[in-house]
Each structure stands twice: as structure tokens, then as C-alpha cells.
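Below is one structure, written out as C-alpha cells, with a few remarks after it.
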Amino acid sequence: MTITEANPGYKGYKYVGTRLIRPDGLEKVTGKARFAADLNLAGQLHGAVVRSPHAHARIVSIDTSRAEAMPGVKSVITGDDFPSVDPGHRQYDMCVNIIARDKVFYEGHAVAAVAASTLEQARAAAAAVEVEYEALQAVLTIDEAMADDAPVLHSHMLTRGAEPPAEAPSNVASVTRFSGGDLEAGFAEADFVVEREFSTKPVHQGYIEPHACVADTGQDGHTTIWCSSQGHFNVRSSTATLLGWENTRIKVVPAEIGGGFGGKTTIYLEPLAAALSSQAGRPVKMVMTRSEVFRATGPAPCAKIRVKFGARSDGAIVAADAHLIYSNGAYQGAGGMLGAMTVFESYKIPNFAVEALDVVVNTARSAAYRAPAAPLTAFATETVLDEIAEELGIDAMDLRLKNAVKEGDPSTMGFPLARVGFAECLEAIRSHPHFSAPLGPNQGRGLAAGYWFNIGESSSAIVNLNEDGTATVVTGSPDIGGSRASMALMAAEELGIDPHDIRPVVGDTEAVGFTDITEGSRATFATGRAVVEACRNMVIELRGRAATMMEAEVGDIDWVDGHAVYTGDGDSEGKEPLSLAVIAGKAKRTGGPLTATGSLEAHGAGPSFTVHLCDVEVDPETGVVSIVRYTAAQDAGTAIHPSYVEGQIQGGVAQGVGWALNEEYIYDSDGVMENPGFLDYRVPVASDLPMIDAVIVEVPNPAHPYGVRGVGEAGIVPPIPAVANAIHSATGCRIRDLPMSPVRVLEAITAAGARANGG
Amino acid sequence: MAVRVHLSSNLRGPTGGVAEIEGSGANVGALIGDLERQYPGLGDALRSGVSVVIDGLLIAHPQYYRLADGAQVFFVPQSAGG
Amino acid sequence: MTRVHVTCTINGDPAEFLCDGGQTLLDALRDEVGLTGVKEGCGTGDCGACSVMMDGRLLCSCLVLAAEAEGSDVSTVEGMASGDELHPLQQCFLEGAALQCGICTPGFLVAAEALLERNPDPTETEVRYALAGNLCRCTGYDKIVRSVMAAARSINAGAGSGH
């Protein structure tokens, strides 16, 4: 017998592709869902963090005695309470970011923490911790960081990838270079060459839930941490690393997570809470204020980008050169490297070179943000392609179709691409009514494409069948966008039972096998595969139990639509099909509880391409840009739950539009963030956006049993250039600096008007 | 197993810029050992932060991934995500 | 410090709690009453996650002192469903996939209920402006707006058939 191997992308599924009401939805619409800040333990203390007022300073001394003597204070910790960490340690940056040791590297950097009976007491005591600083010159911009006489942030940091190898430390953390073909010959072949520069500002992921946790250390030292994160196994190992504890000493229970977008792939509070709880012998709750979230967590890197493209008059891109500098905040990051891997990845360019630098500056340590680095390289590539199309008199869509990568084309990294759905996304937009709809006065239309790799990594799942034939599916992937619904649908498809009879849950670190962070658009792909594997192992077990019950050979039993069916040649008397529920009900008599696991390292994450079309209306008097229509087509491989695939696309668009038009960190000359709140750091609100038409394209990924590609990230890649191209279409102005705020747009319109008038 | 190795352009320092080389090994880890013998320094470059692509399959942690004779092995930088 | 004794109505039931003079209604609802469906996203009235109704007015509970609730009628997301029957907005949010992470959902539901009480048949633009004080970072608002409009239709259809 064979278990029916699901045909990748085959849409005859019974449950996959349906719009199940999410299993965790009821709790979320009734206010019962427990996010990290919603937990309170008996006897709990409240923690507060002492943060640096300086962007760059040496810590001369910390005196906690006055704070320790204050009412209600139970514990005060500083960097000295943690094991020292060597700069060569893989997680050095994370460790010294969570609590500073000798130096502070940005305004808001944690230097001490306090636990007290009430939050007010903790905050008062935190204000009473006396820290003496020796202020150092701060470097706040890429140019300052790379100046010859720039103060060096990290005396141990030698530029990785430098040729010849770096001998002296600098603020350049790494250099990444890719090339292919013959750049000079390529540009010589070009009929049109264009070179442009771009600049962007740091932006925040902007999750609505601030970081929060509760840590409770028992007398035996075992510590339980309830927290909001994209990966609780990572919280465990990172906390253990910082404290010098074994993993088994820590249990991390995932609370519901109120948004992450990459910003909760790293940790900030948990080791502090665990150390405070360990000292005080009481549970400690820590919740960041919104100001702390902005100042001390997450921003995505900003960049300066220079690109040069050469095209033949027929529209073929024959050469491209890029120079990228990403500012990753206070510690080394991967912005530049990821930028280098994405800047030319969407197009077949025979001759190219990329050089990418990652630099450090005295601003908060950057964190991943949805398709890290790619929105900025797309801003450069996709707006310059638009310019090429205009110059050559070729339709912007045709230019992209002509150059789009397809299966077998070499990636920037050299390997031939597997099956991808880029051309299909372009065609989906071209055939959409939006593409040919008329535009009104002051309106313009912009087209842009985007790409993201997606990743696989490790996942674990457990399937337990209950006595009544229902099932519990436990995974280790925090659910940030509806993944539990997808797990239930895939398990239902495999087991052949109704998804309403399946309870998908996210298990704590002691309840399920190791699972990597929910990042890289991997949950439905990789954890989904673990669920499928667990279910297939369960089906093998169920067939065996049915064989026992039918007194038949297991090889003569098939699993069909939730039933064990006898297919042998023998007497079929007494061998009627047995439902999963009947087999589950007799589990005690056939061998005991029915449980199966799946755990794997998921190879073969399929890249996701996406193409966006944006209409804007620009007010020529004020420079205000309104998004009037938006359509986004994205290759999902197979949409397990179409509503949440659409949701990922729509959410990515909204974030990208915010990045394009409004969002930016504003620092004063000392490196203090001037807009650490949602009033002055303006994310899009409902009245800023139209409906976002999400078109799901399905080109199955052969490495997933249902053809899934990750969908979480790619949607944020094209909005910035789509908006920029639309603004150009409406006004004739090319804006290459973010954000494209009313002031900047108005300046561009005014300057263009002056030029037109011979000014 | 004798395989054809393709290095992404950022990994070609130790080969003096050569993109395609020959190597052998039962798995990727053994292959890297062989490449280190041929091109001192290449092993270090390939052991961390590097993935491979074989037959279109991206493998993030390939040390023990078995190689078939004649395989095309592409070494590429490891990607990440948010 | 002497605590303030507040007597009020919460979600239709008489309630009393003690609070500090400087404590916000948000903190009192969460920490003293245990209604953690009221969320804190910013503490400065910018995100709407803590939206509640007080005496018929929609407000950010982080901007109201708990002591001001004395004698008032407060309602939160926890009071929206009647018994085991969800409010049409809650049902439509579920069916319309109007939530992803769900942290902003309670505030949106309360704000949307306030809108529909004031304007039972809002246009898309009216929905968008009425909800502009509530931030959602996951959905791009598309499915939220659609779900609010679906709930309005559902309520109006029910009212039409019922009377």
C-alpha cells in the first residue's frame, strides 16, 4: 500500500485552501487571549530598566546603593551580575546589547535594572541608580561612521571580508562582494546607462504590543519565563547564554504575540527579569513603554545606495553595478549582505558587481524587519528600471517581463534558480483590471516587483489523537499571523478529519521539540512540513492498529479520507472501513495512546516573488500623497489558508507604504530620538489606505508536500518603489530619499516647476 | 564522490577568483575538508554562514548532507529573515 | 498612600475597585479589575488598543484617571458578547479574518461598536475615519474595514427582520 502522496499544488484538497475560522480567534475577539503583559503571578515584583542618556559613553561607575535602600526595592542588577562575555562569542552583540558592560552605544542602552513591589517604586529606584559616564563623541550617520577620524565604536571589530584583511578596527563591520560576467564589457554594450543614489532612514517594525515578560525563579533555580517572542526556544538559549545557565534550567512559555515582523526574533528583557527574579526569589514582570520600544529595540537598518544600470535599446539589462552601505545601529548586522543578495536577484543581468558595507553607528541595535534589507534595494532597482523604461520608450511591465528571472537562471550567488513565479505575478498584474483603469487628475500609477528568499530551518510537531477521535497538534512555532489555522488545515487534510476536530497549539519549550524562530516566512513551510510528517507517521500507526482490529496485514490497509480501508485479496468479512474515531476509541486495546511526532530541518524553502501596482494622488499645493488604489500579486506556492495569505500581503503593503511616505527615526544632534511615540512616528492608519487587492498566485514549491512558499515577508519589498514610481507618474518628479513626506514631495514639485520655468 | 563545486563570488578569495572547482567527499563536510586541502583558507570560508544549493534545494546546515557522484554543489551565503 | 474607592458599572454589572489617585483607568481595569482584554500599546492615546466606552463616549482608557470612573458606566471588549452569542462585529471579525496577531482587536471592536451605534450604515470612508484612532500593524486594515461593514449589514438585516 502507499499513502497517497499529495500532488504538489493539486487543488483537489478537501481542507487545504479553505477559509477556516482561526482556532485562536474566539479568544482574541472576546479579550480572553493572554498576551505577555496580561499575566500576573502572586507575589510578583515589577521591573524597570535604567537606560543610558548618552549615545556613546564609557561607564565609569554605577552606584546602586541609594536605589537598593528605597522602599519596596528587592533587587538591583548591573552588567557585573552577568558572566563576562568574550567579543569573539557568537552572541556577544546580543549579550552586551541587553545590558551594557563597559560602554553604552546608544541613547536608551540598558545599564541596570531594578525589581520592586510596585512599578512606581521600581521606576523611582531606577531613577536613583547613579551612573557616572564619560561621554564619547557619537557617530550617528553612515558618513560620520566612515570618516577617517571617526571614533571607533568597537575596538575589537575588524572588517570581515576586507581584501586585504583589515588590520585596524573600524566602524565597517563587513564587506560583501558579488560579481558575475564582465562589468566593463556589459556597460560598453549598453545603449543607455543611468546611475542614481538613494538614501533612507531607520524605521521601526511598529508592533502594537510592547515587549513584555514575567520570569519566576524557584528555590531550585529553575526559571519559567512567559513572554511574547517570535521564537521561545531562542529566548531560552539566549537567556541561558547571557546568564551562563543550562537550557534545562529555563522553561519558556510562549504568550500570544502582539506582532513581531522580525523585531521579536531577538530578546531584550527576559535575562534581566530572570536575573532579578533569581536574586529576589519572587516573580518579576517587565513591560516596556512605547518610548523604550522605539529607543531600545528594533529599528530596521537604513542605507545609502548607489546603483548603475546599463540597458540595450531593446530593453535588455546588460550590466549593473551597486554600492550599498547599510547602517545597522550599534552592532554589526547583516543589512548590507542581505542587500547585496537581493539588489539584482529579480532580473537576469549577465554582467554585474555589488559591493555592500555594513557599518555601525551610535543608534539602537537594528533588528530584522520583514524581508530585511530588500525593500531598500528594491527602492533603488525598481525605480531605476522605471526610468530606463521611460527613457527607452518601453512599457514598464514589458521591460520587467523581458528581464525577469525564471527557472534555471543564475542567482546573484551563482546557483540556478528552482521554479519561481515571477513572470506569473507580472502577468497577474497585467491582466488585472487595475492595470488599465483610467487615472484622475494629479494621479499616477507605479509598478514595482520584489523578491525574498524565505528560509527553512528546524521545526518539531506532535500529533496526539484523543479518545473521541479529535486531535491535538502541538508545534513550537509562535503564531504571529494565523499559522495555527494553517497547521489545522494541513493536519486535517492528512488525517482526513474535520479541521474543527483539531486543536492546534503552540507548545512551551518543555512540551515540544526544538523549533527555530518564526522568521524568514518559514512557519507554514517548515513547521507545516513537520506537522505533515507527524500526521503521516500517525497514519502509519493507525493502519497498524486497524490491521490488528481487522486481523489483516498492515500492507493490505490503505488510509482513505479518514478511514482505514481493507484492500487485500482475502475475505473482507469483518473488514469494513474503520474511521479514525473508532480506532482512537479502541487505542487502549490495540497498543495504547496514539501519538506521533515529526521533526526536521526543512531544506528547499521556495523564494517568493511579488508584483505591486499602486495609484497615488498628489496634492500639488501641499505635497501630500494619497494612496488611491493598490493591487499586489504574490506567489504563495499554495495558499493553505487564503485569508491569511491575503492578510500577509496586505499587511506588508501597509508597512511598506508607511516606510515610503511617513516613517522615520528623527535624532537630535546628540543622538537622542526625538519622536519615540506613535504621535510623531506616524504609521499608516485606516484613513491613509484604500482596500488592498491581494492576488494570490500559486506556483507550487516542489519542496513542500502542498507546495507552500513562505508569504510573510515579500509583500513589504515593492511598496516603496511602487509609491515612488507612482509619484513620478503623477508629478514627473523622481524622489530618491525616504520618507517621501509632504515637505519632500512639495520641494521636488517646486524645484521641477522652477526648472520648467527656466529657473 | 567527485563533485563540481561552484563558489558564489564572495567566496572565491582562497581560489584566486576561480568560480568552479572539483572536489570530493561523501558529504558536504568531507568535501569542505578536501577543498581546504586544495585551497588553504577555503575551508574556513565555507564552514560558517554558508549554505549550499544542490539540485535546486537550499540546504542551510549541510555538513552531513550526502553527496552523489557528479553532483553540482553551489556554496552561497546564508540568508536570514524577519 | 490612601487609595481611592471607585464604584461604577462595568460591562453592565455593578463594580467597585480601589485605585491610586494617579492610576489610569487602563491600569485599573487591567490590574485591579482583571479585564486584560483592554490592551496597552502606547500609554499616550495614540494607538487605541485601550479603547473603552465610558458613559456612551469612546475613549482611550490610558488617558482617563481611574478615579474619574466613579459613578460611570464603563464597557470593554469583555462585555460585547451576550452570553454565548458573539456580537455581530466579533462574528464578522472572525469570519472576515480581520485579525492577525490580535493585540489591537479589542480596541477596534469597541471603536467599531461605537461607530455603528452612532452610524448604523457607514460608508467605507466613514469606517476608515472612525477607526483612524486605532492602529493595526498586521492587516493593512482591509479586512477590518470589510468586517465592520459586514457587521453593519448583518445588524441592519437582523433589525429589519426582527421588527
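Protein chains in written order, with this note's numbering: chain A, 1 to 759; chain B, 760 to 841; chain C, 842 to 1004. By construction, the Cβ of each residue, glycine as well, lies at the ideal position given by its N, Cα and C atoms. Remember, it's a predicted structure, so these values are computed and weren't measured experimentally.
Problem - Rounded Cβ spacing between A/G17 and A/I640 (contact assumed at less than 8 Å) - result: Here residue 17 of chain A refers to the residue found at position 17 when the first sequence is read from its first residue. Here residue 640 of chain A refers to the residue found at position 640 when the first sequence is read from its first residue. With 8 Å as the limit, A/G17 and A/I640 qualify as a contact, their Cβ atoms being about 7 Å apart.
Problem - Pick from A/A330, A/D501, A/I142, A/C302 that is closest to A/D767, judged by C-alpha positions - result: Within the shown structure, residues of chain A are numbered from 1 to 759, placing residue 767 of chain A beyond reach of any answer.
Practice task
Quick one: list the residues of chain C neighbouring A/G298, beta-carbon separation under 8 Å, in chain order.
Solution key: Working through the first sequence from its first residue, we reach residue 298 of chain A at position 298. Per Cβ cutoff of 8 Å: no residues; A/G298 is ~12 Å from chain C at best.
Practice task
Could you name the residues of the region 168-179 of chain A whose beta carbon sits closer than 8 Å to any beta carbon of chain B, in the order they occur along the chain?
Solution key: T176, R177, F178, S179
Exercise for the section: Would you verify that the beta carbon of A/G72 is, or is not, closer than 8 Å to some beta carbon of chain C? Expected result: The sequence position of residue 72 of chain A within the first sequence is 72, counting from 1. It does not: the Cβ of A/G72 has no partner Cβ on chain C nearer than 8 Å.
Practice task
From the DSSP output, in three-state form, read off C/L903 for me.
Solution key: Taking the first residue of the third sequence as 1, we reach residue 903 of chain C at position 62. A quick correction: the sequence has Cys, not Leu, at residue 903 of chain C. The answer is helix: DSSP assigns C/C903 an H, G or I state.
Handout entry: Straight-line Cα distance separating A/V360 from A/A135
Key = Walking along the first sequence from the start, residue 135 of chain A turns up at place 135. Walking along the first sequence from the start, residue 360 of chain A turns up at place 360. Using only the alpha carbons, I get a separation of about 18 Å.
Handout entry: Through-space distance from A/G671 to A/S366, alpha-carbon basis
Key = In the first sequence, the residue the question calls residue 366 of chain A occupies position 366. In the first sequence, the residue the question calls residue 671 of chain A occupies position 671. Each residue's alpha carbon lies about 15 Å from the other.
Exercise for the section: Tell whether a beta-carbon distance below 8 Å holds between A/A190 and A/T297. Expected result: Residue numbering aside, residue 190 of chain A sits at position 190 when the first sequence is read from its first letter. Residue numbering aside, residue 297 of chain A sits at position 297 when the first sequence is read from its first letter. It is not a contact, given that the beta carbons lie outside the stated cut-off.
Exercise for the section: Alpha carbon to alpha carbon, how far is A/S486 from C/S916? Give it in angstroms, no decimals. Expected result: For the purposes of this step, residue 916 of chain C is taken as residue 75 along the third sequence, with counting starting at 1. For the purposes of this step, residue 486 of chain A is taken as residue 486 along the first sequence, with counting starting at 1. Each residue's alpha carbon lies about 34 Å from the other.
Exercise for the section: Could you confirm whether any beta carbon from chain B is found closer than 8 Å to the beta carbon of A/M740? Expected result: Along the first sequence, read from residue 1 onward, the residue named residue 740 of chain A stands at position 740. With 8 Å as the cut-off, A/M740 does not count as an interface residue toward chain B.
Handout entry: Short Cβ contact (8 Å threshold) for A/D314 with A/G333
Key = For the purposes of this step, residue 314 of chain A is taken as the residue at position 314 of the first sequence. For the purposes of this step, residue 333 of chain A is taken as the residue at position 333 of the first sequence. No; because the gap between Cβ atoms is not below 8 Å, this pair is not in contact.
Exercise for the section: Go through its chain and collect everything with a Cβ distance to C/V874's Cβ below 8 Å, but skip five positions before and after it. Expected result: The sequence position of residue 874 of chain C within the third sequence is 33, counting from 1. Excluding sequence neighbours, C/V874 sits near I851, A856, F858.
Practice task
Taking C-beta pairs closer than 7 Å, name the residues in chain A that C/C945 reaches, listed in chain order.
Solution key: As a working mapping, residue 945 of chain C is identified with position 104 in the third sequence. Under the 7 Å cutoff, chain A gives I208.
Practice task
Measure the C-alpha to C-alpha separation of A/E427 and A/S84 and round it to an integer number of angstroms.
Solution key: For the purposes of this step, residue 427 of chain A is identified with residue 427 of the first sequence, where counting begins at 1. For the purposes of this step, residue 84 of chain A is identified with residue 84 of the first sequence, where counting begins at 1. Each residue's alpha carbon lies about 56 Å from the other.
Practice task
Pull up the distance between the alpha-carbon of A/E494 and that of C/Q932, whole angstroms please.
Solution key: Translated into the one-based positions of the first sequence, residue 494 of chain A becomes position 494. Translated into the one-based positions of the third sequence, residue 932 of chain C becomes position 91. Going by the C-alpha atoms only, they are around 29 Å apart.
Practice task
With 9 Å as the limit, tell me which residues of the region 896-912 of chain C have their beta carbon closer than that to any beta carbon of chain A; keep them in chain order.
Solution key: none
Problem - Bridge partner(s) assigned by DSSP for A/A212 - result: Looking up residue 212 of chain A in the first sequence gives position 212. Answer is A/V287, bridged to A/A212.
Problem - Among A/F192, A/G758, A/V618, the one whose alpha carbon lies nearest that of A/S729 - result: To locate residue 729 of chain A, count along the first sequence from 1; it is residue 729. Ranking A/F192, A/G758, A/V618 by Cα distance to A/S729 puts A/V618 first.
Exercise for the section: State yes or no: is the beta carbon of B/L801 nearer than 8 Å to at least one beta carbon in chain A? Expected result: Residue numbering aside, residue 801 of chain B sits at position 42 when the second sequence is read from its first letter. Chain A contact via Cβ: absent.
Problem - Beta-carbon separation (whole angstroms), A/L183 vs A/A115, contact threshold 8 Å - result: By 1-based counting over the first sequence, the position of residue 183 of chain A is 183. By 1-based counting over the first sequence, the position of residue 115 of chain A is 115. Contact doesn't hold; Cβ gap of about 58 Å is too wide.
Practice task
Could you have a look at A/C302 and say whether DSSP puts it in helix, strand or coil?
Solution key: As a position in the first sequence, residue 302 of chain A is number 302, starting the count at 1. Strand.
Exercise for the section: For B/F833, name the three-state secondary structure that DSSP assigns. Expected result: Taking the second sequence and counting its residues from 1, one reaches residue 833 of chain B at position 74. Strand.
Exercise for the section: Please work out which residues of its chain come closer than 8 Å, Cβ to Cβ, to C/V986, disregarding the five sequence neighbours upstream and downstream, and give them in chain order. Expected result: Within the third sequence, residue 986 of chain C is the residue found at index 145, counting from 1. Counting only Cβ-Cβ distances below 8 Å, and skipping sequence neighbours, we find E965, V968, R969, L972.
Problem - Three or more C-beta pairs below 8 Å linking the region 504-518 of chain A and the region 467-483 of chain A - result: yes
Problem - Residues within the region 352-386 of chain A neighbouring chain C, beta-carbon criterion of under 9 Å - result: none
Exercise for the section: Can you tell me which of A/P739, A/I649, A/A751, A/V49 puts its alpha carbon nearest to the alpha carbon of A/W659? Expected result: Locating residue 659 of chain A in the first sequence gives position 659, counting from the first residue. The candidate whose alpha carbon is nearest that of A/W659 is A/P739.
Handout entry: Cβ-based burial, A/T241 [other Cβ within 10 Å; buried from 16]
Key = On the first sequence, residue 241 of chain A is found 241 positions in, with the first residue counted as 1. Answer is buried; the Cβ neighbour count reaches 16.
Practice task
Please report how far the alpha carbon of A/A215 lies from the alpha carbon of A/K285, in whole angstroms.
Solution key: Here residue 215 of chain A refers to the residue found at position 215 when the first sequence is read from its first residue. Here residue 285 of chain A refers to the residue found at position 285 when the first sequence is read from its first residue. Approximately 7 Å, taken between the alpha carbons.
Handout entry: Cβ-Cβ distance between A/G324 and A/F192 below 8 Å
Key = Counted from its first residue, the first sequence places residue 324 of chain A at position 324. Counted from its first residue, the first sequence places residue 192 of chain A at position 192. The identity of residue 324 of chain A in the sequence shown is Leu, whereas the question assumes Gly. Contact: no.
Handout entry: Coarse secondary structure for A/T595, derived from DSSP in three states
Key = For the purposes of this step, residue 595 of chain A is identified with residue 595 of the first sequence, where counting begins at 1. In the structure shown, A/T595 sits in a strand (DSSP, three-state: E or B).
Practice task
Residues of the region 963-996 of chain C with a CB closer than 9 Å to any CB of chain A: list them in chain order, please.
Solution key: E965, T966, V968, R969, Y970, A971, L972, A973, G974, N975, L976, C977, R978, C979, T980, G981, Y982, D983, K984, I985, V986, R987
Handout entry: Same chain, Cβ closer than 6 Å to A/E197, five either side skipped, listed in chain order
Key = As a working note, residue 197 of chain A is residue 197 in the first sequence. R306.
Exercise for the section: Report yes if the CB atom of C/A890 is closer than 8 Å to the CB atom of C/C860, and no otherwise. Expected result: Start at 1 with the first residue of the third sequence, and residue 890 of chain C comes out as number 49. Start at 1 with the first residue of the third sequence, and residue 860 of chain C comes out as number 19. Cβ atoms of C/A890 and C/C860: not closer than 8 Å.
Practice task
Compute the distance between the beta-carbons of A/E533 and A/G598, then report whether it is under 8 Å.
Solution key: For this step, residue 533 of chain A is matched to residue 533 along the first sequence. For this step, residue 598 of chain A is matched to residue 598 along the first sequence. It is a contact, given that the beta carbons lie within the stated cut-off.
Exercise for the section: Evaluate contact between the region 816-831 of chain B and the region 749-758 of chain A, counting only Cβ atoms and requiring at least three cross-stretch pairs below 8 Å. Expected result: no
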